Amino acid sequence: MTRLLLLAWLVIAAPAIAQTPAATNDITARVTHGYASANGVRIHYAALGDARKPLMVMIHGFPDFWYTWRHQMAALSGDYYTVAIDQRGYNLSDKPDGVANYAMSLLVDDVVSVIKSLGREKAIVVGHDWGGAVAWSVAMTRPEVVEQLIILNLPHLRAMRRELVNNPQQAANSQYARNFQQPNAAQQLTAEGLAGWVTDTAARARYVTAFKQSSIEGMLNYYKANYPREPYTLDTTPLVKVKAPVLMIHGLTDRYLLAAGLNGTWEFVDNSLTIVTVPNAGHFVQHEATDVVTRTMRMWLRR
Numbered sequence: 013m014t015r016l017l018l019l020a021w022l023v024i025a026a027p028a029i030a031q032t033p034a035a036t037n038d039i040t041a042r043v044t045h046g047y048a049s050a051n052g053v054r055i056h057y058a059a060l061g062d063a064r065k066p067l068m069v070m071i072h073g074f075p076d077f078w079y080t081w082r083h084q085m086a087a088l089s090g091d092y093y094t095v096a097i098d099q100r101g102y103n104l105s106d107k108p109d110g111v112a113n114y115a116m117s118l119l120v121d122d123v124v125s126v127i128k129s130l131g132r133e134k135a136i137v138v139g140h141d142w143g144g145a146v147a148w149s150v151a152m153t154r155p156e157v158v159e160q161l162i163i164l165n166l167p168h169l170r171a172m173r174r175e176l177v178n179n180p181q182q183a184a185n186s187q188y189a190r191n192f193q194q195p196n197a198a199q200q201l202t203a204e205g206l207a208g209w210v211t212d213t214a215a216r217a218r219y220v221t222a223f224k225q226s227s228i229e230g231m232l233n234y235y236k237a238n239y240p241r242e243p244y245t246l247d248t249t250p251l252v253k254v255k256a257p258v259l260m261i262h263g264l265t266d267r268y269l270l271a272a273g274l275n276g277t278w279e280f281v282d283n284s285l286t287i288v289t290v291p292n293a294g295h296f297v298q299h300e301a302t303d304v305v306t307r308t309m310r311m312w313l314r315r
């Protein structure tokens, strides 16, 4: 059977859209909450939509929690059963101690456990930042559970390592990750500080509450367990290509994960690949360009 690898570069030149005020687009009273169990760890999720519709599992990054997907959940829940998780260490999910409890294989199991707990075999998997890293890993190691893959501001993991090795600017801009890998890093952070990127006042209050009931040490264990350490080296393990169709959306002003990491992504995907760049949006593209992200997701899923 002929395999088609399609790369569609769509450059959206609209200005970034500010975060929608939480008071006018809040879904906390509408979602239902549940838990899945993975290796003895309870993973919390919030769900919105008809449970009979196609399942969409959404995975947040750092520092964040399920609420980051509120705009996309509100917009897409008419067509999909949208389920946003709290990753382990965050908000209402369990917070196991120890770096080993945040290994990527366990983070993958967490997502699979949510899919299975909902009685499904497959899901559309969406991830941002560390959620994107987990989503890539789910697609590579558990391809049978991924119907379609949507990644926001997280290059493929091999491309990320390549950039750390070959792109001095990316290596310099990753100083924050090296800082987070230090033993006493958690003592330097507060819930209020971690929520500083949230521009909407009402939403920021929810973030502070969520981070106060999170484990800052657990948050940083993602970096300690999974982020490359110096000296950086290329990933030379056997390549496992992603079998699902992939949509990538990347805010081009992201200073943490540079857009050069998008180059060559087609080498890692054995299906259609669509890359959408948003010039005036940064790392939290689902907030900074809410309508662009949601419209792009809807259009791509319906294609």
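Sequential numbering of the sequence shown, starting at 13, is according to my numbering. Each residue gets a CB set at the ideal place from its N, CA and C atoms; glycine is no exception. Please read all numbers here as calculations on a predicted model, not as lab measurements.
According to DSSP, is residue i part of a helix, a strand, or is it coil?
i: E159; result: strand
i: V23; result: Here V23 scores only 36 on pLDDT, less than 50, and its place in the model should not be relied on; the value that follows carries that caveat. In this structure, V23 counts as strand in the three-state DSSP scheme.
i: T44; result: strand
i: L264; result: coil
i: R54; result: strand
i: R315; result: coil
i: I136; result: strand
i: S89; result: coil
i: S149; result: helix
i: V281; result: strand
i: V252; result: coil
i: A293; result: coil
i: S105; result: coil
i: A301; result: strand
i: F223; result: helix
i: F74; result: coil
i: R241; result: coil
i: I39; result: coil
i: D122; result: helix
i: T80; result: helix
i: V180; result: Contrary to the premise, residue 180 reads as Pro rather than Val in this sequence. In the structure shown, P180 sits in a helix (DSSP, three-state: H, G or I).
i: Q199; result: helix
i: Q187; result: helix
Quick one: what's residue i bridged to in DSSP?
i: T94; result: L60, M68
i: V210; result: Answer by DSSP bridge pairing: none, since V210 is not bridged.
i: L164; result: H140, I261
i: S49; result: R54
Out of curiosity, what's the CA-to-CA distance linking residue i and residue j?
i: A135; j: M311; result: 18 Å
i: A35; j: A87; result: Because A35 carries a pLDDT of 35, less than 50, the predicted location of this residue cannot be relied on, and the following value inherits that uncertainty. Answer to the nearest angstrom: the Cα atoms are 16 Å apart.
i: L251; j: A214; result: 44 Å
i: I39; j: G61; result: 11 Å
i: P33; j: H299; result: Residue confidence for P33 is low, a pLDDT of 41 falling below 50, so the modelled location carries little weight; the figure read from the coordinates is stated next. Rounded to the nearest angstrom, the two C-alpha atoms are 11 Å apart.
i: R174; j: N238; result: 15 Å
i: T265; j: N292; result: 6 Å
i: S57; j: L246; result: The sequence given here places Tyr at residue 57; Ser does not occur at that position. Distance between the alpha carbons of Y57 and L246 is about 35 Å.
i: V290; j: A197; result: 32 Å
i: V297; j: Q84; result: 12 Å
i: Q182; j: V123; result: 29 Å
i: R315; j: M68; result: 16 Å
i: V95; j: P108; result: 22 Å
i: R42; j: R82; result: 11 Å
i: V138; j: D212; result: 23 Å
i: N283; j: K253; result: 9 Å
i: V11; j: T249; result: In the structure displayed, the chain extends from 13 to 315; residue 11 sits before or after that span and is not available.
i: T45; j: A59; result: Checking the sequence, you will find His at residue 45 rather than Thr. Cα to Cα, the separation comes out at about 6 Å.
i: H295; j: I261; result: 10 Å
i: N103; j: Y114; result: 15 Å
i: F74; j: A63; result: 28 Å
Given a cut-off of 9 Å on the beta-carbon distance, is the pair residue i and residue j in contact?
i: D106; j: R54; result: yes
i: P66; j: E156; result: no
i: S227; j: S125; result: no
i: L274; j: A147; result: no
i: I219; j: D98; result: Note that residue 219 corresponds to Tyr in the displayed sequence, not to Ile. Taking 9 Å as the Cβ cut-off, Y219 and D98 do not qualify as a contacting pair.
i: R267; j: N185; result: yes
i: L161; j: V258; result: yes
i: H72; j: G131; result: no
i: Y92; j: L313; result: yes
i: M231; j: G101; result: yes
i: Y47; j: A222; result: no
i: Y244; j: V177; result: yes
For residue i and residue j, which I take to be in contact (beta-carbon distance under 8 Å), what is that distance rounded to the nearest angstrom?
i: N179; j: L118; result: So it is not a contact: roughly 29 Å between Cβ atoms.
i: T277; j: H168; result: 5 Å
i: G263; j: A207; result: Not quite, the Cβ-Cβ distance comes to about 19 Å (not below 8 Å), so this is no contact.
i: R241; j: Q193; result: 7 Å
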